[in-house]
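Read through the structure below, which is laid out as structure tokens, and then see the notes.
Numbering (the working numbering), first residue to last: 1 to 720.
Structural data, given as structure tokens:
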């Protein structure tokens, strides 16, 4: 057995075991910038866990002290007063023999067990778990005292993530040595999660009489690295004494769960590992998270609210402000979510909502026939002044806009982190035709829905819903809201007698006691004066507190972009009855990390009453609808279309032939961003596991619906 002790610490450390005092001593030259020449007196340490060291004349004057029993100690003090020592000794009662390999074990209590103890001037320590010493050169004088010695040793440190540690010891030897020294540790504190943060540079310098070839560069420490290498000059380079190379790294934390240890490792062609220990911690940012608000009416041309009074004429635009009050300044808002309503159209027309600092896009936000009153939920980026522009194509109409919430943009710490979006398999949570009955005018239904704790999504903040009104006895509107306080002055779905109308809406979750249960929920109010109406509610997604798996965050497009127009063969051809077609979402509507496209889907002139459903390829089509349309109608609805790998989604048409349009407003990207995106290594478009079936519907509605109602999947609404 062998004892090897390498210490780089301000304290003096002696080899384990007894010594009868120095038998001889010598000194190498003082600190020098000249490459070393034989004979060599030096020691090196290459550690994958950090703490790489070369003890030679570049540190300071190297003193060699020989003790009884082949124990030799090297020592030097650098310019800062830090002491470096390296001691080697065979097991008590044995001697070094050239050409042998000697087992080395961890230090145990008492005795002369072999071990390696490594400590840097910053206090890092390595205890060797095991390894071997190769005796390369030994010469002795006539008295049997060592006159030259060359050892190479290797093992594994207990505190270095099981990375290899390799060392060299030379005393008055002709055998060359080499090593790398430099940056031993870096710290990145509270870097922004899912982003590449400000970088720092690791510099490594070659020392010794032999060159070092850097064969590889690795990141170790976690399954998905928390670091990104932004530049490097080391891999593939051969360094002679005094030459340097650099590795520039930036933090890319994955969570706020604490500090994560990372290793940046240069691998020599001789298999030596030279590591730099890096600590990274992260904090969440607000950008792309959703903030629901109590619905606020921002525009009503009937009353002049929002600055414009009177109908909007053909090919005319108006502007209204969406920021202010409960919505922050434009610099802190990515996009707002609006319910846009046309009231009293004099001709078949469409409305387009878009940022006024961009040209009007080829896209529609709401399609309306003559004499129509109805709305659609749209997501739109405001301009730099906080305004949204609305264009009317034909005839004249009143325009109403209700603000439902907004997506955060700023990450300056002034905004609270909002909710992350989670896809769910579309689920029907209530259909009033299945035992509930029509909702009476002036009444509301209180609905609670929660996912199981096993879903691990944290606190629920808001619901993404598709609300359908059907079989109404007269005109009116439905309003979805949190259920807290009175219903807001806003509409979700406008309905007419005997018609079916749908709209996608985001309703805030409100936690309260409902029956015997306390939990999140929302409410639906019938604002009609005299009409009762059936309703159907499908849940298509949820917004939850941040920091949970499979979270998505919103990125708006500069302006709405049409990615599907089957009339022209863009994205797909005309749908026949009962057919499913795939639609490709191109960049920037979808990128490598995109799991869903947010936009406006339009069914154009079906030959039979029908519905269309948009869903992820490779999954079962859900028993729900996104857009319902009668014969010859042009009907729009807001849609979150989940993507499969390759950035494709399915569209299904139930009856007749129909054309479809899809105007993308933005995308939902996985958060944190994938390492492939952060490191610039992505090679394929799209990687999406799709939505999870998340839980149960626990719906209650005054005395009309019993508690604990199971998830129901009744037949579709009549327009189906």
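Beta carbons: idealized from backbone N, C-alpha and C, even for Gly.
Spatially closest choice to residue i from the options, by CA coordinates
i, options, result
"residue 570", "150, 586 and 504", "586"
"residue 409", "616, 384, 652 and 288", "288"
"residue 365", "560, 45 and 678", "560"
"residue 258", "282, 275 and 276", "282"
"residue 302", "668, 265 and 373", "373"
"residue 378", "77, 40, 48 and 664", "664"
"residue 294", "490, 474 and 62", "490"
"residue 243", "620, 230, 291 and 179", "179"
"residue 103", "154, 565 and 361", "154"
"residue 79", "57, 234 and 99", "57"
"residue 590", "510, 554 and 437", "554"
"residue 620", "642, 390 and 656", "642"
"residue 735", "101, 70 and 172", "Since the displayed the chain opens at 1 and closes at 720, residue 735 lies outside it and no answer follows."
"residue 600", "380, 228 and 96", "380"
"residue 476", "441, 136, 524 and 337", "441"
Residue i to residue j span [Cα, whole Å]
i, j, result
"residue 59", "residue 232", "26 Å"
"residue 403", "residue 418", "16 Å"
"residue 399", "residue 317", "11 Å"
"residue 670", "residue 421", "9 Å"
"residue 392", "residue 335", "21 Å"
"residue 526", "residue 478", "5 Å"
"residue 583", "residue 648", "5 Å"
"residue 169", "residue 64", "11 Å"
"residue 177", "residue 240", "11 Å"
"residue 264", "residue 150", "29 Å"
"residue 269", "residue 238", "10 Å"
"residue 535", "residue 431", "6 Å"
"residue 668", "residue 596", "5 Å"
"residue 504", "residue 594", "21 Å"
"residue 31", "residue 88", "Confidence is the limiting factor: at residue 31 the pLDDT is only 45, short of 50, which leaves the residue's position unreliable, though a coordinate-based value still follows. The alpha-carbon atoms of residue 31 and residue 88 are separated by roughly 23 Å."
"residue 508", "residue 550", "21 Å"
"residue 146", "residue 245", "37 Å"
"residue 495", "residue 198", "53 Å"
"residue 484", "residue 444", "12 Å"
"residue 191", "residue 255", "10 Å"
"residue 678", "residue 516", "47 Å"
"residue 624", "residue 522", "20 Å"
"residue 38", "residue 209", "8 Å"
"residue 644", "residue 616", "6 Å"
"residue 307", "residue 362", "26 Å"
"residue 376", "residue 184", "58 Å"
"residue 424", "residue 359", "35 Å"
First through last residue of the alpha helix (DSSP H) which encompasses residue i
i, result
"residue 675", "675-679"
Element boundaries [beta strand (DSSP E), containing residue i]
i, result
"residue 90", "83-90"
"residue 355", "349-355"
"residue 501", "501-508"
"residue 66", "63-67"
"residue 281", "273-283"
"residue 561", "551-565"
"residue 249", "244-251"
"residue 258", "Premise fails: residue 258 is in no beta strand (DSSP E) and is neither H nor E."
"residue 522", "517-526"
"residue 310", "Here residue 310 belongs to no beta strand (DSSP E), and DSSP marks it neither H nor E."
"residue 401", "398-408"
"residue 631", "First-last for residue 631: undefined, no H or E at that position."
"residue 200", "200-208"
"residue 660", "659-671"
"residue 59", "Note, residue 59: premise wrong, no beta strand (DSSP E); not H, not E."
Short CB-CB distance (under 8 Å) between residue i and chain D
i, result
"residue 608", "As a matter of chain content, chain D is missing from the structure shown, which is built from one protein chain."
Nearest-angstrom beta carbon gap, residue j and residue i [assumed within contact, 8 Å]
i, j, result
"residue 277", "residue 261", "7 Å"
"residue 580", "residue 652", "5 Å"
"residue 388", "residue 333", "Incorrect: roughly 11 Å between the Cβ atoms, too far for contact."
"residue 290", "residue 405", "6 Å"
"residue 182", "residue 214", "At roughly 12 Å, the Cβ-Cβ gap does not stay under 8 Å, so residue 182 and residue 214 are not in contact."
"residue 85", "residue 73", "6 Å"
"residue 438", "residue 533", "6 Å"
"residue 330", "residue 275", "With 8 Å as the limit, residue 330 and residue 275 do not qualify as a contact, their Cβ atoms being about 47 Å apart."
- How about the region 574-589 and the region 649-665: do they share at least three Cβ pairs that are nearer than 8 Å? yes
- Query: With a cut-off of 8 Å, do at least 3 Cβ pairs link the region 327-344 to the region 529-541?
  - Reply: no
- Message: Check whether the region 240-255 and the region 204-223 are in contact - that is, three or more C-beta pairs closer than 8 Å.
- Response: yes
- Query: Counting pairs of Cβ atoms below 8 Å between the region 434-454 and the region 488-504, do you hit three or more?
  - Reply: no
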